[in-house]
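Engineer:
2 protein chains.
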Amino acid sequence: MQSAKEVLKAKGIRPTFQRLKILEFIRDCKEHPTVDDIYRKLIKGIPTISKTTVYNTAKTLVESGAINQVNVTGTETRFDFAGEPPHHHLVCDKCGRIIDIAIDCPYLSRREMEGHLIIEKHGYFRGICSDCRGKTENRAD
Amino acid sequence: MQSAKEVLKAKGIRPTFQRLKILEFIRDCKEHPTVDDIYRKLIKGIPTISKTTVYNTAKTLVESGAINQVNVTGTETRFDFAGEPPHHHLVCDKCGRIIDIAIDCPYLSRREMEGHLIIEKHGYFRGICSDCRGKTENRAD
DNA sequence: TATCACTTTGTAATTATTACTAATATGTAT
DNA sequence: ATACATATTAGTAATAATTACAAAGTGATA
Ligand SMILES: [Mn+2]
Ligand SMILES: [Mn+2]
Ligand SMILES: [Zn+2]
Ligand SMILES: [Zn+2]
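Spelled out as structure tokens, the structure:
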């Protein structure tokens, strides 16, 4: 597996301490963290880190393709490590988690649609996750 | 075709003047307007309307299913009339427009995936729209 | 070492949204 | 038609997310 440092080098981004820690956290966190999530986690180990750095770095990483931006709530931006295979997401109405869904979407390979050039594909569902369905008080069926 | 008033009545939402105008604008506007777009348009004809009313009404309409929320930028919420047939969206990197794409997605009919209950499906693409591609200065291929 | 470009940080400003409350309008019962 | 209860609207304040900006820090290079 490629280290975070190698990912950054390969993208031509100088692997500073802050960038490495931010990228590693996004890679290891399975919960599609927000900027605030990242900041609150990293400030524990790097007391001087600023939220602006998290914003700047996230933007740099998204532009380079090292991470993907996940837009599912409309009011906050979340992030996902781009090393994962392409997948869609489920936003759970009950627990709020954003869960990966592996789907075999026939559009993932399309580079053009109706004359439009396609650069990124995003799919997400709103619903109730299997964990929350399992809890009897939430079963509707 | 069903009038806006009929849509609201069918949903059990009292068809006030403001709600009718907001719903009609969202129905007739093909550009997936933001709250601010709606407010700036309607204030011309209804000088007393407040942005809070637009927020409240949009929330009511989304919850009732009369309109859909479109989350593609991460920082602002947009809306789409739910009377349209299901479709995906393209966000153009050049002109910023959000354009409907009719696709035959095999997941639109799925009510369950990997044990999760599916309530809504959303798909969008980032890319360059056919209009912007047509302009020679933007052709990359 | 001196320089220069890049990076980080802290602060201020902006934008989108939500919270709260008073005023207004509407439906119902009398 | 009037009074009352309730829903809706509007205005303002508060919160949250993001962006803008400039000073300070860092590190590679001449
Ligand atoms: Mn994911
Ligand atoms: Mn649409
Ligand atoms: Zn859940
Ligand atoms: Zn375009």
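So the sequence lines, in the order shown, correspond to chains X and Z. Heads up: take any position in the first sequence, counting from 1, add 2, and you land on the numbering used here. Heads up: take any position in the second sequence, counting from 1, add 2, and you land on the numbering used here. Cβ atoms here follow ideal geometry from the backbone N, Cα and C, with glycine treated the same way. Predicted model, so just to flag it, every value in this text is computed and none were measured.
Interface residues of chain X around residue 118/Z at Cβ under 8 angstroms?
Structural biologist: By one-based count along the second sequence, residue 118/Z stands at place 116. Per Cβ cutoff of 8 angstroms: 92, 94, 101, 103, 127, 129, 130, 131, 132, 135.
Engineer: How many Å lie between residue 79/Z and residue 72/Z at the Cα?
Structural biologist: Locating residue 79/Z in the second sequence gives position 77, counting from the first residue. Locating residue 72/Z in the second sequence gives position 70, counting from the first residue. Cα atoms of residue 79/Z and residue 72/Z: separation of roughly 6 angstroms, rounded to the nearest angstrom.
Engineer: Can you pull the chain Z neighbours of residue 109/X, defined as C-beta to C-beta under 9 angstroms?
Structural biologist: Along the first sequence, one-based indexing puts residue 109/X at 107. Ordered by position in chain Z, the residues that pass the 9 angstroms Cβ test against residue 109/X are 90, 105, 107, 125, 127.
Engineer: Can you give me the C-alpha to C-alpha distance between residue 49/Z and residue 110/Z, rounded to a whole angstrom?
Structural biologist: Numbered from its first residue, the second sequence carries residue 49/Z at position 47. Numbered from its first residue, the second sequence carries residue 110/Z at position 108. About 41 angstroms.
Engineer: Using a Cβ cut-off of 9 angstroms, which residues of the region 65–78 of chain X contact any Cβ in chain Z, in chain order?
Structural biologist: 71, 72, 73, 74, 75, 76, 77, 78
Engineer: Is the Cβ-Cβ distance between residue 62/Z and residue 28/Z less than 8 angstroms?
Structural biologist: For the purposes of this step, residue 62/Z is taken as the residue at position 60 of the second sequence. For the purposes of this step, residue 28/Z is taken as the residue at position 26 of the second sequence. No; because the gap between Cβ atoms is not below 8 angstroms, this pair is not in contact.
Engineer: Of all the options 99/Z, 124/Z, 53/Z, 11/Z, which has the alpha carbon lying nearest to the alpha carbon of residue 31/Z?
Structural biologist: Looking up residue 31/Z in the second sequence gives position 29. Nearest of 99/Z, 124/Z, 53/Z, 11/Z to residue 31/Z, Cα basis: 99/Z.
Engineer: Do residue 22/Z and residue 12/Z count as a contact pair if the criterion is CB distance below 8 angstroms?
Structural biologist: As a first step, residue 12/Z must be located in the second sequence, where it is residue number 10. As a first step, residue 22/Z must be located in the second sequence, where it is residue number 20. No, Cβ-Cβ distance for residue 12/Z and residue 22/Z is not below 8 angstroms.
Engineer: Taking Cβ positions only, does residue 33/Z come closer than 8 angstroms to chain X?
Structural biologist: Here residue 33/Z is taken as the residue at index 31 of the second sequence, counted from 1. Output row for residue 33/Z: interface = no.
Engineer: Is the beta carbon of residue 120/Z closer than 8 angstroms to that of residue 114/Z?
Structural biologist: As a position in the second sequence, residue 114/Z is number 112, starting the count at 1. As a position in the second sequence, residue 120/Z is number 118, starting the count at 1. Against a cut-off of 8 angstroms, the Cβ pair of residue 120/Z and residue 114/Z comes out as a contact.
Engineer: Buried or exposed for residue 123/X, please, with buried defined as at least 16 other CB atoms from any protein chain shown within 10 angstroms of its CB.
Structural biologist: Counted from its first residue, the first sequence places residue 123/X at position 121. Residue 123/X should be labelled buried.
Engineer: Please identify the residue among 104/X, 93/X, 107/X whose C-alpha is closest to the C-alpha of residue 127/X.
Structural biologist: Numbered from its first residue, the first sequence carries residue 127/X at position 125. Minimum Cα distance to residue 127/X is reached at 93/X.
Engineer: Output, in chain order, the set of chain X residues within a Cβ distance shorter than 8 angstroms of residue 122/Z.
Structural biologist: Sequence index remark: in the second sequence, residue 122/Z carries index 120 (1-based). The answer, in chain order, is 127, 128, 129.
Engineer: Could you tell me the alpha carbon to alpha carbon distance between residue 18/X and residue 37/X, rounded to whole angstroms?
Structural biologist: As a working mapping, residue 18/X is identified with position 16 in the first sequence. As a working mapping, residue 37/X is identified with position 35 in the first sequence. If I take the Cα positions, the gap works out to 18 angstroms.
Engineer: Kindly list the residues whose CB is nearer than 8 angstroms to the CB of residue 35/Z, restricted to its own chain and excluding five residues on each side of it in sequence; keep chain order.
Structural biologist: Position 33 of the second sequence holds residue 35/Z. Once the five neighbours on either side are set aside, the close Cβ partners of residue 35/Z are 27, 28, 43, 80, 81.
Engineer: With burial defined as no fewer than 16 other Cβ atoms inside 10 Å of the residue's Cβ, what is the status of residue 117/Z: buried or exposed?
Structural biologist: Within the second sequence, numbered from 1, the residue matching residue 117/Z stands at position 115. It is exposed - the Cβ of residue 117/Z has fewer than 16 other Cβ atoms within 10 Å.
Engineer: How is residue 9/Z classed by DSSP in three states: helix, strand or coil?
Structural biologist: Against the second sequence, residue 9/Z aligns to sequence position 7. DSSP, read as helix, strand or coil, puts residue 9/Z in helix.
Engineer: Taking just the CA atoms, how far does residue 107/Z sit from residue 46/X?
Structural biologist: As a working mapping, residue 46/X is identified with position 44 in the first sequence. As a working mapping, residue 107/Z is identified with position 105 in the second sequence. Cα to Cα, the separation comes out at about 44 angstroms.
Engineer: Over the uninterrupted alpha helix (DSSP H) stretch that includes residue 53/X, give me the two end residues.
Structural biologist: Within the first sequence, the letter at position 51 stands for residue 53/X. Residue 53/X -> alpha helix (DSSP H) spans 53–66.
Engineer: Judging by CA-CA distance, which residue of 112/Z, 105/Z, 97/Z is the nearest neighbour of residue 129/Z?
Structural biologist: For the purposes of this step, residue 129/Z is taken as the residue at position 127 of the second sequence. Taking only the C-alpha atoms, the option nearest residue 129/Z is 97/Z.
Engineer: So residue 20/X and residue 77/X are supposed to be a Cβ contact under 8 angstroms. How far apart are they, rounded?
Structural biologist: Position 18 of the first sequence holds residue 20/X. Position 75 of the first sequence holds residue 77/X. Their Cβ separation, rounded to whole angstroms, is 26 angstroms, which puts residue 20/X and residue 77/X out of contact at 8 angstroms.
Engineer: Could you check whether the Cβ of residue 96/X sits closer than 7 angstroms to any heavy atom belonging to ligand 3?
Structural biologist: For this step, residue 96/X is matched to residue 94 along the first sequence. Residue 96/X Cβ: within cutoff of ligand 3.
Engineer: Got a sec? Which residues, its chain only, sit under 7 angstroms from residue 83/Z by beta carbon, not counting five neighbours each side?
Structural biologist: As a first step, residue 83/Z must be located in the second sequence, where it is residue number 81. If we look at residue 83/Z and ignore the five residues flanking it on each side, its Cβ neighbours are 28, 29, 69.
Engineer: For the beta strand (DSSP E) containing residue 41/X, list its first residue and its last residue.
Structural biologist: On the first sequence, residue 41/X is found 39 positions in, with the first residue counted as 1. Premise fails: residue 41/X lies in the alpha helix (DSSP H), 37–44, not in any beta strand (DSSP E).
Engineer: Quick one: does residue 3/Z have its CB under 8 angstroms from some CB of chain X?
Structural biologist: For the purposes of this step, residue 3/Z is taken as residue 1 along the second sequence, with counting starting at 1. It does not; no Cβ of chain X falls within 8 angstroms.
Engineer: Say whether chain Z places a C-beta atom closer than 8 angstroms to the C-beta of residue 13/X.
Structural biologist: Position 11 of the first sequence, counted from the start, is the residue given in the question as residue 13/X. Not an interface residue.
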